[in-house]
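Participant:
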Amino acid sequence: MFRSRCAGARLWRFFGENGAGKTTLMNVLFGHYAADSGWIEMFGAPLPSGNPGAALARGVGMVHQHFTLAASLSVLDNIVLGTRSIWSPLSGRRAARRKVTALMADCGLRVDPEARIGNLTVGERQRVEILKALYRDARILILDEPTAVLTPQEAGVLFATLRRAVQRGLSVIFISHKLHEVTAICDRVVVLRHGRVAGEAEVAALDRHEIARMMVGAEIPAPVARPARPGRAAITLQGVSTADRGAVPGLRGVDLDLCAGQNTGLAGVTGNGQAALAGLLSGLNRPVEGRMTIHGEAPGDWTPRAAVAAGIARIPEDRHATGTVGDLDLTENAILERYTDAPISRMGWLDRKAARDWTRTIIETYDVRCPGPETPARLLSGGNMQKLILGCVLMTDPGVVLANQPVRARYRRADLCASPVAGRAGPGGRRCC
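Position in the sequence shown counted from 1, then plus 9, gives you the working numbering.
The following block contains the structure:
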């Protein structure tokens with residue numbers, strides 16, 4: 010049951026744990042899902058449930074957590090897709106370009122209208138999604154975890170844009186789990202817990218600690234930092250270069266030692282070789298120059314299977330594209346890289362009961378909120394999907410963990426679940442991250 014009221018041109022923040030119902034609620038508001046009971050009133054009139062067309066006509070725009078853009082089309086084509094008549098393509102396109110250009114100037118969202126979506130950065134793609142909604146004259150803009158894939162600089166640009174939009178009369182509903190963003194831009198916060206409103210107040214009347222307590226229903230313990238004692242190098246790169254892959258740059262003469270018992274952080278703006286390094290270490294790429302050793306030995310046929318056999322586990326950046334298979338259930342996803350290992354495999358045969366038990370252990374240990382192991386992975390919220398991936402990695406007790414954005418789309422208490430990633434990298438540990 011949910012009951013709340015959003016009024017006026019303001020920036021509302023819906024806050025809550027993974028699985029609290031934030032995205033589900035917004036999908037009901039946008040018409041993607043039909044409500045089982047209750048009603049929605051918008052601008053003084055009832056809004057039909059389960060009807061995206063009615064929501065769009067009423068002025069509701071939504072930017073989903075995972076973008077819905079056609080990578081092969083231009084920015085302009087994506088913005089106007091579904092709005093132009095097929096009978097006047099040329100004149101309609103010229104008018105659309107003028108409107109889009111004026112919209113960009115008005116709201117400060119600058120993107121080349123003729124640029125191909127596939128060549129844009131994540132931040133630029135998000136601007137296109139917002140422009141899509143504003144092009145349709147949205148009066149209420151819903152943003153689902155908009156900063157989850159943005160750099161701090163890109164998030165700052167987004168916040169400035171939202172402030173200008175609110176000043177122009179737009180109502181913004183901002184879904185997030187990041188506490189520091191609440192006080193940065195929001196006027197009012199609504200906290201959800203287990204599908205119900207746990208609290209609602211003006212941001213000025215609350216502090217971060219109180220919001221966090223409402224969100225989880227308990228005090229959140231402070232993390233404990235432990236000094237690292239690096240051991241032997243688990244992975245060594247000497248002058249390693251890799252080939253470019255389309256718009257993704259490769260590595261250029263990289264020297265790096267990843268030592269056991271130590272967390273190694275990789276900093277940099279997205280698109281500067283992080284993906285290439287993760288691909289190399291997980292067996293997806295091979296070096297074209299230089300030397301790589303794993304536990305002191307040069308690998309032979311370096312493949313993803315060889316990386317798994319060497320005790321290297323990965324937490325991929327894109328949980329949908331490379332972390333899970335959405336149409337497979339949680340059990341099938343949990344064993345994708347381990348289906349030949351005992352106890353899941355017995356003499357070449359898959360033990361389905363053992364696989365389900367393995368998955369239940371992951372679900373319980375890492376608080377993956379779902380109906381059960383038979384749930385399709387695509388039905389999980391972003392944070393719960395990330396916890397599933399984290400559990401699948403850590404349950405195998407790997408020697409090396411490649412964690413690419415491991416706490417993306419996860420709330421503060423869930424970050425504590427990630428502590429085992431670094432736990433063995435503390436004093437006396439053998440894992441490197």
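Positions of the beta carbon are idealized from the N, C-alpha and C atoms, including for glycine.
List, from N- to C-terminal side, the beta strand (DSSP E) runs of 3 residues or more that fit wholly inside the segment 16-62.
Facilitator: 20-25
Participant: Compare the beta carbon distance of Asp20 and Leu171 with 8 Å and say whether it is the shorter of the two.
Facilitator: The residue labelled residue 20 in the question sits at position 11 within the sequence shown. The residue labelled residue 171 in the question sits at position 162 within the sequence shown. Going by the sequence as given, residue 20 is Leu instead of Asp. The answer is yes: Cβ separation under 8 Å.
Participant: Given Ala29, which residues of its chain have a CB within under 6 Å of its CB, disregarding the five upstream and five downstream residues?
Facilitator: Your numbering for residue 29 matches position 20 in the sequence shown. Counting only Cβ-Cβ distances below 6 Å, and skipping sequence neighbours, we find Leu201, Arg202.
Participant: Can you confirm whether the segment 278-298 touches the segment 245-262 when touching is taken to mean that 3 or more C-beta pairs between the two stretches lie within less than 8 Å?
Facilitator: In the pairwise beta carbon analysis, the segment 245-262 is classified as touching the segment 278-298: at least three pairs are separated by under 8 Å.
Participant: Which of the three DSSP states, helix, strand or coil, is assigned to Thr370?
Facilitator: The sequence position of residue 370 within the sequence shown is 361, counting from 1. The DSSP-derived three-state label of Thr370 is helix.
Participant: Can you give me the start and stop residues for the alpha helix (DSSP H) that Met301 sits inside?
Facilitator: For the purposes of this step, residue 301 is taken as the residue at position 292 of the sequence shown. No alpha helix (DSSP H) holds Met301; the beta strand (DSSP E) holding it covers 298-303.
Participant: Sorted by chain position, which residues of the same chain lie with C-beta nearer than 7 Å to Trp48's C-beta, five sequence neighbours on each side aside?
Facilitator: Walking along the sequence shown from the start, residue 48 turns up at place 39. The answer, listed in chain order, is Pro55.
Participant: Taking 8 Å as the cut-off, decide whether the C-beta atoms of Ala174 and Cys116 are in contact.
Facilitator: Along the sequence shown, one-based indexing puts residue 174 at 165. Along the sequence shown, one-based indexing puts residue 116 at 107. Yes.
Participant: So if DSSP puts Phe183 in a beta bridge, which residue, or which two residues, is it bridged to?
Facilitator: The count along the sequence shown starts at 1 and reaches residue 183 at position 174. Arg22, Leu152, per the DSSP bridge assignment.
Participant: So if DSSP puts Gly70 in a beta bridge, which residue, or which two residues, is it bridged to?
Facilitator: For the purposes of this step, residue 70 is taken as residue 61 along the sequence shown, with counting starting at 1. Gly70 pairs with Leu150.
Participant: Identify the residues that DSSP records as bridge partners of Ser83: which are they?
Facilitator: Residue numbering aside, residue 83 sits at position 74 when the sequence shown is read from its first letter. Note: Ser83 sits in a beta bridge opposite Arg125.
Participant: Would you mind reading off the limits of the beta strand (DSSP E) that contains Val377?
Facilitator: Against the sequence shown, residue 377 aligns to sequence position 368. It is not in any beta strand (DSSP E) - Val377 carries neither H nor E in the DSSP assignment.
Participant: Flag this pair as yes or no: are the beta carbons of Leu290 and Gln283 separated by less than 8 Å?
Facilitator: Working through the sequence shown from its first residue, we reach residue 290 at position 281. Working through the sequence shown from its first residue, we reach residue 283 at position 274. Not a contact, by the Cβ cut-off of 8 Å.
Participant: In terms of alpha-carbon separation, which member of Leu267, Arg106, Ile220, Val263 lies closest to Ala243?
Facilitator: Locating residue 243 in the sequence shown gives position 234, counting from the first residue. Looking at the Cα atoms, Leu267 is the closest of the given residues.
Participant: Only counting the same chain, and skipping five residues up and downstream in sequence, which positions put a Cβ closer than 6 Å to that of Glu123?
Facilitator: Within the sequence shown, numbered from 1, the residue matching residue 123 stands at position 114. Same-chain partners within the cutoff: Ser83.
Participant: Assign Glu163 to one of three DSSP states: helix, strand, or coil.
Facilitator: For the purposes of this step, residue 163 is taken as residue 154 along the sequence shown, with counting starting at 1. Look at Glu163 here: in three-state DSSP terms it is helix.
Participant: Can the beta-carbon of Ala63 be found closer than 8 Å to that of Gly40?
Facilitator: Position 54 of the sequence shown holds residue 63. Position 31 of the sequence shown holds residue 40. Yes, the Cβ-Cβ distance between Ala63 and Gly40 is below 8 Å.
Participant: Thinking C-alpha only, which one of Leu112, Leu34, Leu411, Leu38 is nearest Ile324?
Facilitator: Numbered from 1 along the sequence shown, position 315 holds the residue referred to as residue 324. That would be Leu411, whose Cα lies nearest to the Cα of Ile324.
Participant: Ignoring anything shorter than 3 residues, give me the beta strand (DSSP E) runs that lie fully in the segment 237-323, in order along the chain.
Facilitator: If we require 3 residues or more, the beta strand (DSSP E) runs fully inside the segment 237-323 come out as 242-250, 263-268, 298-303.
Participant: With contact counted as at least three CB pairs below 8 Å, one residue from each stretch, are the segment 335-350 and the segment 386-395 in contact?
Facilitator: yes
Participant: DSSP on Arg217, reduced to helix/strand/coil?
Facilitator: The count along the sequence shown starts at 1 and reaches residue 217 at position 208. Note: Arg217 maps to helix in three-state DSSP.
Participant: Among the residues of its own chain, which have a CB less than 7 Å from the CB of Thr405, if the five just before and after it don't count?
Facilitator: As a position in the sequence shown, residue 405 is number 396, starting the count at 1. For Thr405, where only same-chain residues beyond five positions count, the Cβ hits under 7 Å are Ala322, Arg347.
Participant: Give the range of the beta strand (DSSP E) segment to which Val409 is assigned.
Facilitator: Against the sequence shown, residue 409 aligns to sequence position 400. Per DSSP, Val409 belongs to the beta strand (DSSP E) from 409-412.
Participant: When DSSP labels each residue in this structure, what does Gly6 get in the three-state scheme?
Facilitator: This structure cannot settle anything about residue 6, because the visible part of the chain is limited to 10 through 442.
Participant: Using the Cα positions of Asn27 and Lys362, report the straight-line distance between them to the nearest angstrom.
Facilitator: As a first step, residue 27 is located in the sequence shown; it is residue number 18 there, counting from the start. As a first step, residue 362 is located in the sequence shown; it is residue number 353 there, counting from the start. Going from the Cα of Asn27 to the Cα of Lys362 covers about 28 Å.
Participant: Provide the residue(s) that pair with Ala210 in DSSP beta bridges, ordered along the chain.
Facilitator: Within the sequence shown, numbered from 1, the residue matching residue 210 stands at position 201. Val198.
Participant: Going by DSSP in three states, Arg361 sits in which element: helix, strand or coil?
Facilitator: Position 352 of the sequence shown, counted from the start, is the residue given in the question as residue 361. The answer is helix: DSSP assigns Arg361 an H, G or I state.
Participant: For Arg134, which of Phe76, Ala114, Pro239, Gly332 has the nearest alpha-carbon?
Facilitator: Position 125 of the sequence shown holds residue 134. If we check each option's Cα against that of Arg134, Phe76 comes out closest.
Participant: In angstroms, rounded to a whole number, what distance separates the CA positions of Pro258 and Asn281?
Facilitator: Along the sequence shown, one-based indexing puts residue 258 at 249. Along the sequence shown, one-based indexing puts residue 281 at 272. Spanning the two alpha carbons is a distance of roughly 7 Å.
Participant: Can Arg177 and Gly68 be called in contact, C-beta distance under 8 Å?
Facilitator: Against the sequence shown, residue 177 aligns to sequence position 168. Against the sequence shown, residue 68 aligns to sequence position 59. Cβ distance not < 8 Å, so Arg177 and Gly68 don't count as in contact.
Participant: Apply the 10 Å Cβ neighbour rule to Pro415 and answer buried if 16 or more other Cβ atoms are within range, or exposed otherwise.
Facilitator: For the purposes of this step, residue 415 is identified with residue 406 of the sequence shown, where counting begins at 1. The residue in question, Pro415, is buried, as its Cβ has 16 or more Cβ neighbours within 10 Å.
Participant: Do Ala287 and Gly240 have their CB atoms nearer than 8 Å?
Facilitator: On the sequence shown, position 278 is the one that residue 287 refers to. On the sequence shown, position 231 is the one that residue 240 refers to. Not a contact, by the Cβ cut-off of 8 Å.
Participant: Out of Ala80, Val198, Pro155, Phe52, which one is the CA nearest neighbour of Ala24?
Facilitator: Along the sequence shown, one-based indexing puts residue 24 at 15. This sequence places Phe at residue 24; Ala is not what is there. For Phe24, the closest C-alpha among the options Ala80, Val198, Pro155, Phe52 is that of Val198.
Participant: Could you tell me whether the Cβ atoms of Leu85 and Arg107 are closer together than 8 Å?
Facilitator: Within the sequence shown, residue 85 is the residue found at index 76, counting from 1. Within the sequence shown, residue 107 is the residue found at index 98, counting from 1. Cβ distance not < 8 Å, so Leu85 and Arg107 don't count as in contact.
Participant: Reducing DSSP to helix, strand and coil, say where Arg235 ends up.
Facilitator: Mapped onto the sequence shown, residue 235 falls at position 226. Note: Arg235 maps to coil in three-state DSSP.
Participant: Measure the C-alpha to C-alpha separation of Val313 and Arg205 and round it to an integer number of angstroms.
Facilitator: As a first step, residue 313 must be located in the sequence shown, where it is residue number 304. As a first step, residue 205 must be located in the sequence shown, where it is residue number 196. In the sequence on display, residue 313 carries Pro and not Val. A direct Cα-Cα distance of roughly 43 Å separates Pro313 from Arg205.
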